[in-house]
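The letter at position 113 of the sequence shown is residue 99 when you use the working numbering, and the numbering goes up by one with no holes.
Here is the structure we will look at.
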Amino acid sequence: MKILCFADTHVGVKTYGKIDKNTGLNEREVQTIDLLNQIVDYAINERIDVVVFAGDMYHKNLPTPTLINKVNEALIKLSKYKIQTYIADGNHDVSKMESQDSGLAQFNTLNIPYIVHSRFYKECLFDCDNDTYRFVILPTYHTKNDIKQYMDSLDSKYKTFVIFHGCINNAQLNDWNTVDSETCIDKEMFVKNKVLGVIAGHFHKAQILEKKPLIFYVGSTNRIDFSEEKQKKGFVVLNVNHDNVEYTFHELDAQKFLTVNVNCENITSPTDIENEILNQLKKHNLNHVILRIRVKLRSEERRVGKE
């Protein structure tokens, strides 16, 4: 069985973008939707058995009808090719009010075949390769006690994959910040008989927390801001053979962010400072890059600039 996993698309992000004249959408929105379609096309072309989305399809819990339609167009293709798809809500998809639906709720209302979406805990069985697998959807806003009760109540009859959106202790939020707080759950909570893997969304850095069972964050499909400048973005394919799970990360051509540091401490002339900045920029490929320039000046020049 082959499982394609992705998360945190954040359709609707507009930061640093401008309007695309051909669509009327923000350039960042167009790019994110394009990456979503690339993932869907890969699943179809590579004959993936199951697609798993681990939350935060949208950047805001009230996406525009246009964005909802674009996402629907992409996901409906999976249904047409009879690819079983499981979708969990993330904290950006829904508010904490249980009475409010997410932009993904239409898959429940319209009963789209082969697509299962859930705002709450849900168990689903899937038959493949003469075996039955259980997919547990564990979306956002569940408490530690909720998660413990759900995991403790699982019987060991089926090989299980957990789709989780939330915080796990000691996971890396980004390249320099490790999360470790009482708001997170311990990964040991997922270590149960017959649990083969935990597919997690919420943290945008792709990372493996445990190899057996395989507990990992897929990471986001696109870079949101400069905190993700050096992170690889993409999706994961799991190749499942009985109890063996092989992990492969597939990188996408995500939005590039670039920070250029320019040291001008020994330069006093404003013109020479400008030329040094331009010379440093020539060393980089700036096509389709969101650029940040940091210039280090002597303290005297800083005071003059402020005055």
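Positions of the beta carbon are idealized from the N, C-alpha and C atoms, including for glycine.
In this text the structure is predicted, and so the values were computed from the model without any measurement.
query: DSSP state of N247 mapped onto helix, strand, coil; result: strand
query: D6 to V(-1) span [Cα, whole Å]; result: 14 Å
query: G3 versus Q24: straight-line alpha-carbon distance, rounded; result: 21 Å
query: Assigned secondary structure, Y67 (DSSP; H/G/I helix, E/B strand, else coil); result: coil
query: Limits of the unbroken beta strand (DSSP E) element including T118; result: 117 to 124
query: Proximity of D27 and H(-4) at Cβ, strictly below 7 Å; result: no
query: Cβ pair Q193, Q158 closer than 7 Å; result: yes
query: Reduced DSSP category for N58 - H, G, I as helix; E, B as strand; rest coil; result: helix
query: Q86 (DSSP reduced to helix, strand or coil); result: coil
query: Inter-residue Cα distance where the pair is C250 and R284; result: 7 Å
query: Residues that DSSP places opposite E109 in a beta bridge; result: V122
query: Proximity winner among C110, K197, F243, F235, relative to F212 (alpha-carbon distances); result: F243
query: Pair within 7 Å by beta-carbon distance, S65 and I98; result: yes
query: Three or more C-beta pairs below 8 Å linking the segment 138 to 155 and the segment 112 to 123; result: yes
query: Three-pair Cβ contact test at 8 Å for the segment 199 to 214 versus the segment 182 to 190; result: yes
query: Test item: CB-CB of I69 and V37 under 7 Å; result: yes
query: Three-state secondary structure (DSSP) of V281; result: strand
query: Among T129, G183, S104, the one whose alpha carbon lies nearest that of I73; result: S104
query: Residue from K178, V223, T50 whose Cα sits closest to the Cα of I(-11); result: V223
query: L21, enclosing beta strand (DSSP E) - first and last residue; result: Note, L21: premise wrong, no beta strand (DSSP E); alpha helix (DSSP H) at 13 to 31.
query: Whether H78 touches H45 by CB criterion (7 Å); result: yes
query: Assigned exposure category for P49 - 16 Cβ within 10 Å defines buried; result: buried
query: Element boundaries [beta strand (DSSP E), containing T146]; result: 145 to 151
query: Proximal residues to I54 (C-beta, below 6 Å), its chain only, five neighbours per side dropped; result: G89
query: Residue from K56, F93, D115, T126 with nearest C-alpha to K82; result: T126
query: Beta strand (DSSP E) segments (min. 3 residues) lying fully within the segment 209 to 263; result: 220 to 227, 230 to 237, 242 to 250
query: 7 Å Cβ cutoff met for I279 and V231; result: no
query: Limits of the unbroken beta strand (DSSP E) element including Q158; result: Run containing Q158: none; DSSP gives neither H nor E here.
query: Option nearest I154 by Cα separation, candidates M137, K173, V16, L140; result: K173
query: Limits of the unbroken alpha helix (DSSP H) element including I133; result: 130 to 139
query: Helix, strand or coil at F202 according to DSSP, with G and I counted as helix; result: strand
query: Own chain, CB closer than 8 Å to K282, minus 5 neighbours either side, in chain order; result: N247, V248, N249, C250, E251
query: Nearest neighbour of I34, chosen from L22, A240, N225 [CA to CA]; result: N225
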